[in-house]
Structures are given as C-alpha cells and as structure tokens.
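With my numbering applied, the sequence shown covers 3 to 569.
Glycine included, C-beta positions come from ideal geometry on N, C-alpha and C.
Below is one structure, written out as structure tokens; comments come after it.
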Amino acid sequence: MKLVEVRGGAQSSSTNYFLAGALPCLLLFAFESECQRRNLSHLACLVLLISLTFDAFLQATISLHGSMDRSTDIYSIPTIGRSTNAAVGSLLIIAGSPEAVYPEGNSSGPDYDGFTTYPSLGLVSAIFNGLDDSSAAQQDRVDSSCKTGNCTWPVFASAAICGTCNDVSKYISKDRVYGYPSSQPQPPNVVANESYTSFDLPYCSIKNADGGYLPDSSADPSPVPNSILTVNVTTDYLESLTFSDANTTFLIFIMMKADPNYINGSAAWEESTPSATECGLSMCVNAYNSTIQSGSLIEEKVASWQNRESDSWLLTDGYGEKYEWWDETYPSFSDCYNLFRSDLQLSIPPTDSARGLGIDTGERFNITQGTIASIQDWIVTWGFGVVDSLCDFGTPALIAYPTNAESAHPLAEVLYNSANLNGTFAGLSSSLTNYIRDSSTTKVQGDTQQYVIKFKVRWAFLTVPALHILGGITYVLAIVWQTKNSGLPVWKTRVIPSLAFGLNAAAQDQLRSGLGDLDLASHSIRRKMMITFDTTGDRPQLRLSESLGHDEESVKKHLNWIRRKVN
C-alpha cells in the first residue's frame, strides 16, 4: 500500500510541493524505484492481473439449478379418481304384475318386472358436454387434488367407456324403389309417391328423389325435403356390422352421409355414392399415466382392455334355473327385455404388457345395469325420440338432417357438423368416463413434486480466487515487513506524511510543529525548501536543504545514479 501511495503522490502532488525544476521530480522517481523491490513489483502485477478474473471465477464456482423432488409432507398427498364400480344410474321397478317374455322361436320365457331408468343430472350433463365440440368442452378433465401444482401418479386402471368408429361404406346396397322419396318423415297432408333410389344398410338407409339436390328453404319448405345425413341406433351389438364380436359394446350408431358431389349440385342422386360410418360405445378398462405440471393435468391412456367375465351380466335370482339358456342366447345389452341382471364385470388379461405397467391383473371392475341402461335410454330417448324399447331388428328410430319442424333432432345436427366422427365419439366417451371416475369414492394416491433450488460448488473454479487472496495477503505482509525493517511508521491515507517520514530525522523535525503535526500550510516554507537525494548512507534517503541552489557536480552525480537504477 505504501508503494502505491508513493506512486500516486508522485503523479498528483509533486508539482505542488517540489517546484524546483526537473531535479526534484527525478529524485522522487529514483526514491520510489529504490523503495520498491523487484520481486514485490512482480507479485503486485500478478495479483492485479488475477483480480481481473476474480469475479468471473467466483461466480462460476457456485452453480444454481432447480429440480422437481418428491415431497415427504403427509398432508399434501395428491389424489385422482378411478372407478372399480361404475354406478351412475338407477333402475326403478314399475308396479304391476310380472310379465312373461316370449322370444322368437320359443313358446315360453321368463317372467320379469318392468323397470325404468333414472339417470343422474351429472350423467346427462356429461353426455351433452361430450357431444360439444367447443374448446371449452374439450378441456374437461377428471377431478384431482394437487397442492403444489406438480404431482405424479403410478400407472393405474379404471373402469371407463371407449368410443370407436369404423367405415362401413362397402356394405351399402343400392335399390330402385317406389314410394315417398325421402328419409324425412312424411307429412300427413303430403302424398308424393314415385320411383327413386335408396341406399341401404341392415338398420339404416338414406333416400332422396332422383336428380339434383334441392336445399330446403325455411320460407318455402319443400313438401319432399332432401336428406344429406341419416342416423340410426341399436343397443344390441349382435345387430351391428362391425361390433358383433365386441361383447362389451352397449350402444351403436350408424350414420349415412350423402355424396359431397350431390350436395354441391355436381351429381344426381342416383349417380352419387354415399358413405357410411358405424360408431360404438363400449365398456372397457383403461390404464392411465397421469401427471400434473404447473397446475395442468396431463393424462395419457397407455392401454385399454375389453375383457368380459363370463360369470357376469347374468339373470338375477327369481327367474329360475330353467332359464339359464337365456343368458347364453341373449348376451347383449339390448333393452328389449327388462330383465334384472347382475353387474357386468371386466378384467385385465394377465399379459406381459399389463404386468409391465405394474397393474394388478386380478382386479375386477363392476358396471351396474343401471349405468348401462341409463346411458342407453337417455341417448335413445333424447337423440332419437324413441320412447318404447328397441325390440325389433331394424327399429324405426332413424333420424335425418337437415332437421325441420317434422323432424327436429339436435343429435343429427351434431353428427352432421362433426368434422371427425372418431373425435366426437372419443370426446363423448371421455366425458362419460370422467363423470364415472369423479363419482367414485376410490382415489389413487400419488407423489407431490416440489421445485427445489440446489447449489453446486465447483471447487476447481476456486483456484483463481484463492490464489488472488493468497497473493494479496503475501503482498501486504511483505510490504509490512519491509516497512518495519526500514524503521519508518506506516501511513495509510496520505502521501505527504509518508514522504515526510521518509526524510532523515533533522528534516522530519523541521517539518513538524510543536504539537507534532505536519505544518506545510505556509507557502513560504514550501517555496524555499529544497529536497536532495542522499546515497551515501546504508540506503537512499531524502534530505531537506535550505539552499536555493546546488552545484553542478552534485546534480551530475545524482543523475548518473538515477540512470543506473532505472536501467
């Protein structure tokens, strides 16, 4: 510190205190050079250079990163719904005497009590929400609890509803028929019979008058409105085209849509080619991988099974053993015969894929008869306007679009406006599944994730700061040691006192006042004093001289000594 102050004093104060020309400045430079040791100068430069990288290496020593760690707080265990017993609808027995069922080809059948379904408001809301293609409806998620907004769950299984669609256009047949040329209901006051082309499937058809498309006008409705979409439904998977072996499918829709070339007027009806799609809703077991990230639930269906247990969905007690053949003959979920049955049971086959997910393959999933019948009856009654049971093959529950006063069916409009029937039925099945899971008291516990900030010390980067600190300490100790050996007191803040105490004893006494303080305020004293450089002693030393002049030999002697030191 002293040497640095000496250098600063030489740069800023020499002209104020030493006004005797070049000689005093040269003497001061020589004094400074002599007082510094070469090794200390090198050390000072090294410490100064290291200090330029001190902050960078110090900041690099400690790295900061965050990670999601499992929380051990027992009061913040996250939960999410799953269902092992789907029961979201009720059956109400109709008062009266039991009736007998006489299936086709049999002269006798079991007696049964009639019942009606009673769906909950939540179930009805789930159906409407599932058929809504808006973005708000598609954001519907199953209820979950996660205090931190970041949670994970192990893969788990739950009773669910699955929706699937298949193209059945290849089954369409084309016929020339005579009668009312429309799939729309015939108004009672309209008589229009003619030959026309009908495109048919086993339980659906689409009919229009031959020729081009004539859009209906609300101001002047046509007596024979055209149909560009027809829909029918069945609750018996044995009647379907592509779900006849899907023994957990309980509701099947079939849609026939007119050829786009017919709709835009570029093709006549008899020359067009309609398309057909069959979609089914089935009871199933889904495996889910669920996580919540930043408060948003992300759920992935990783597996799905439709494995029906053979000892389920059987007639309950009271029908008699002689009617066991009924279960084998009529295994479907058709609501033609209101017979009370046991719960439908689904299981997970013990495959390697199921075991790999860590799922219990011995678990059973129950679906009550009230759940299945409530969904069937509500959709059939609301969507198709059918009140009676769908007992006849090819039941006349067909609805058409465009809708009109004679045929106002909002379901037909929903299906016509659907850009993707697979997506529509996937949304319907997902909404129903979420309601079933939310209604269950069974919850899956998971792990709460907390964002933890972690500090990592990279010890190698501490080398440079440590060298800087060590070098600085060494330099200061060396300066203190040198100053102590020189016999001079240490001054930390001012340059002039250092210069003053660097003089010999006589000069120091002359610069001090009676109180021991420096007294350089007098301009006359500063102007008349002359500093000389004495090299005759053990070490170079400044001296004060009262003389305003100096001999030429003394000057040459000092200059030669300075040149040797500098070089």
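| request: Output the boundary residues of the alpha helix (DSSP H) element that contains A162. | output: No alpha helix (DSSP H) contains A162, which is instead part of the beta strand (DSSP E) from 158 to 169.
Decide yes or no for the touch test of the region 277 to 285 against the region 171 to 188: beta carbon pairs closer than 8 angstroms, at least 3 of them.
Yes: the two stretches touch, three or more of their Cβ pairs being nearer than 8 angstroms.
| request: Could you tell me whether the Cβ atoms of I208 and A161 are closer together than 8 angstroms? | output: no
#### Entry: Run of the alpha helix (DSSP H) containing F255, from where it starts to where it stops
Note, F255: premise wrong, no alpha helix (DSSP H); beta strand (DSSP E) at 251 to 259.
Which of helix, strand or coil does DSSP assign to L359?
Of the three classes helix, strand and coil, the one that applies to L359 here is coil, per DSSP.
Is it a yes or a no for the region 366 to 379 touching the region 115 to 132, going by three-plus beta-carbon pairs under 8 angstroms?
yes
Q. The beta strand (DSSP E) with P121 in it runs from where to where?
A. 117 to 121
Take R72 and list the residues in its own chain whose beta-carbon comes closer than 6 angstroms to its own, dropping the five residues that flank it on each side.
D449
Next on the checklist: Does the structure place the region 56 to 68 close enough to the region 407 to 425 that three or more beta carbon pairs sit under 8 angstroms?
Outcome noted: no
E272 to T199 span [Cα, whole Å]:
6 angstroms
Quick one: any contact between the region 227 to 234 and the region 177 to 189, if contact means 3 or more CB pairs under 8 angstroms? yes
*Those residues which DSSP pairs with K334 across a bridge*: Checking the displayed sequence, the identity of residue 334 turns out to be Ser instead of Lys. Per DSSP, none; premise fails for S334.
Checklist entry - Count the other CB atoms within 10 Å of the CB of P262; is the residue buried (16 or more) or exposed (fewer)? => result exposed
Q. Of all the options V287, A248, T465, N291, which has the alpha carbon lying nearest to the alpha carbon of I82?
A. Closest option to I82, Cα to Cα, is N291.
- Identify whether E280 lies in helix, strand or coil by the three-state DSSP scheme. strand
Excluding sequence positions up to five away, which residues of its chain have a Cβ less than 6 angstroms from the Cβ of T251?
Y239, F245, G282, S284
message: Let me check understanding here. Comparing Cα to Cα, which of S43, D57, S298 lies closest to C153?
response: S298
Query - Rounded C-alpha distance that separates T383 from I79 - result: 43 angstroms
**Asked** Which term fits L472, buried or exposed, when burial requires 16 or more other beta carbons within 10 angstroms of its beta carbon?
**Response** exposed
Which term fits L253, buried or exposed, when burial requires 16 or more other beta carbons within 10 angstroms of its beta carbon?
buried
Which word fits F427, buried or exposed, when buried means at least 16 other C-beta atoms lie within 10 angstroms of its C-beta? Result: buried.
First and last residue of the beta strand (DSSP E) that includes A402?
401 to 403
Own chain residues within Cβ distance below 6 angstroms of K572, not counting five before or after: Not covered by the structure: residue 572. The range shown for the chain is 3 to 569.
query: Among E241, N195, G214, which one has its Cα closest to the Cα of L203?
result: Looking at the Cα atoms, E241 is the closest of the given residues.
C148, buried or exposed, once every other Cβ within 10 Å from all chains shown has been counted against 16: buried
In chain order, what are the residue ranges of uninterrupted beta strand (DSSP E) at least 3 long that sit wholly in the region 43 to 102? 64 to 72, 81 to 83, 91 to 95
Next on the checklist: Here's the rule: buried if 16 or more other CB atoms are within 10 angstroms of the residue's CB, otherwise exposed. What is C286?
Outcome noted: buried
Express the C-alpha separation of V144 and N87 in angstroms, rounding to a whole number. 16 angstroms
Report yes if the C-beta distance between I52 and V466 is below 8 angstroms; otherwise report no.
Going by C-beta atoms, I52 is nearer than 8 angstroms to V466.
Q: Assign F245 to one of three DSSP states: helix, strand, or coil.
A: coil
Segment limits, alpha helix (DSSP H) that includes A414: 412 to 419
**Study point:** CB contact flag (D345, T370, <8 angstroms)
**Key:** yes
Pair within 8 angstroms by beta-carbon distance, G91 and G358
No, they are not a contact pair.
Next on the checklist: So for Y290, helix, strand or coil by DSSP?
Outcome noted: DSSP places Y290 within a strand segment (E or B) once states are collapsed to three.
Using CA atoms only, rank isn't needed, just tell me which of D135, Y120, Q451, W483 is closest to L413. The shortest C-alpha separation from L413 is found at D135.
message: Only counting the same chain, and skipping five residues up and downstream in sequence, which positions put a Cβ closer than 6 angstroms to that of A523?
response: Only weak support exists for where A523 lies, its pLDDT of 46 falling under 50; the value from the coordinates is given anyway. Taken in chain order, the list of residues that qualify is empty.
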